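**Student:**
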Amino acid sequence: MSVVKDDKRTVNIYAENLVDDPAHPAISAETDAEPPAEPPVSASRSFLAQLVQIPCLIWAFTESNFITFVLPNTAFGVLSALAGPELLQTSPSTGPLTSATILWRALLSVAFNWANVLIFDLQNQTAPQSLAEDLANKPWRPIPSGRITTEQTQQSLFVAIPLCLALNRALGVEREGLYIQVGSYVYNHLRGGDTMARDVLIAVAFYLFNTASLRIVAGSSLKHPAGTYLEDGVLERLQVLDVVSGPRLSPAGYTWVVLISIVILTTMQVQDLKDQAGDRLRCRWTVPLALGDWKSRVSLALLVPFWTGFCACVWWPRGHWAIILPPVFIGATVTIRVLTKRSPKADSNTWKLWCLWGVGLYYLPPASLI
């Protein structure tokens, strides 16, 4: 291949003989002439294209946590709210929840969980240690796949965080939302997620998300004018308190949320079984890596049946014995799979079944009223 050079241009003769079109990529040329102007791109068209990408990017960032975190937390809120006075303290003016009301508030709970999980995922997936792991194990995520840069993701937090806090405020769960953001900062930026504190941080996050979801579905942001339903002065003052804080968890409600958080804390190593290679790469502390794969699986095979039986004993005496069948069946499936199915893909499916097992436990309080 010969190349002719002069002061004005360098032309690839071999490529020029192949094609006559000077725009062909095979031709390399440097000239003093200005390159042809590109067709103008409509600003509105470009803006609309970027706008359409936002929902897709939100889903891409949160996809892995939607089914395993957002929906189970929402289910906790709905099912616990259906238990009514078993878990909540409400004023005498509080009426029964209708199907339409529950559906609407469930959607609000999804919005709360999804928005706060999005903030967590944006912070988590821009951390340097997470980027290295995602490049190796999860290249389809937005940043490794090149759909968005790290800098753009970090800049989006300047908009996402205020909007998320405003949503929490509107839903009447600003306190839980603020604690969640603090926990997210500790987990991601202070690298608490790579230490022994990781499981505790996640269990506390479940507590906050579940409590907020329950308050949202129960109607924590409802505003009723004082004295609408009651004329007695004492009861009227109680109603004003309810207007300020909304339905509150009863002592039994707090006990139930704490119990569920302990269940999660002691069995959540199931989600780490599938990620052992990536966790080892980033030197993250997890139960499977600390105790060993087999010991971790045996602990799950013991703890899942134990907590199933314990929670069943709490609610079984209040209802029909058949209410315990769903969590017992799902828990038994998780126990068998964790011992017999040991590939990363199988562990991923077992993790999803574990989330469904948790929902089976959440269903016990309302089922006990049947």
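Numbers in our numbering are just positions in the sequence shown, counted from 1, shifted up by 3.
All C-beta atoms, glycine included, are put in the ideal place defined by N, C-alpha and C.
Predicted model only: the values in this text are computed from it and were never measured.
#1: Would you kindly work out how many angstroms separate the C-alpha atoms of T198 and P369, rounded to a whole number?
#2: Over what stretch of residues does the alpha helix (DSSP H) that includes A109 continue unbroken?
#3: According to DSSP, is A218 helix, strand or coil?
#4: Just the Cα atoms here: how many angstroms apart are K348 and I263?
#5: Please report the residue range of the alpha helix (DSSP H) in which L181 lies.
#6: What span of residues does the alpha helix (DSSP H) with F161 cover, start to end?
#7: If you draw a straight line from the C-alpha of Q274 to the C-alpha of S351, how long is it?
#8: How close, in whole Å, do the beta carbons of V388 and T353 come, if the pair is a contact with beta carbons under 8 Å?
#9: If you reduce the DSSP assignment to three classes, tell me which class R144 lands in.
#10: Would you kindly check if the distance between the Cβ of L121 and the Cβ of A163 is under 9 Å?
#11: Quick one: Cα of N283 to Cα of T270, how far?
#12: Only counting the same chain, and skipping five residues up and downstream in sequence, which positions put a Cβ closer than 8 Å to that of G186?
#13: Given that a residue counts as buried once 16 or more other Cβ atoms are within 10 Å of its Cβ, and exposed if not, what is C59?
#14: Measure how close the beta-carbons of D90 and A255 come, nearest whole angstrom, since I'm counting them as under 8 Å.
#15: Specify, as a first and last residue, the run of the alpha helix (DSSP H) that V261 falls within.
#16: Is the Cβ-Cβ distance between V307 and W360 less than 9 Å?
#17: Counting along the chain, where does the alpha helix (DSSP H) carrying V73 start and finish?
**Tutor:** A quick look at the data gives this:
#1: 37 Å
#2: 102–129
#3: It is worth fixing the name first, because residue 218 is Arg in this sequence and not Ala. Note: R218 maps to helix in three-state DSSP.
#4: 27 Å
#5: 177–191
#6: 153–173
#7: 7 Å
#8: Nothing in the structure corresponds to residue 388, since the chain is present only between 4 and 373.
#9: coil
#10: yes
#11: Rather than Asn, the amino acid found at residue 283 in this sequence is Arg. If I take the Cα positions, the gap works out to 20 Å.
#12: L204, V207, A208, L211
#13: exposed
#14: Before going further, note that residue 90 is Leu rather than Asp in the sequence given. Correct: roughly 6 Å between the Cβ atoms.
#15: 254–270
#16: yes
#17: First-last for V73: undefined, no H or E at that position.
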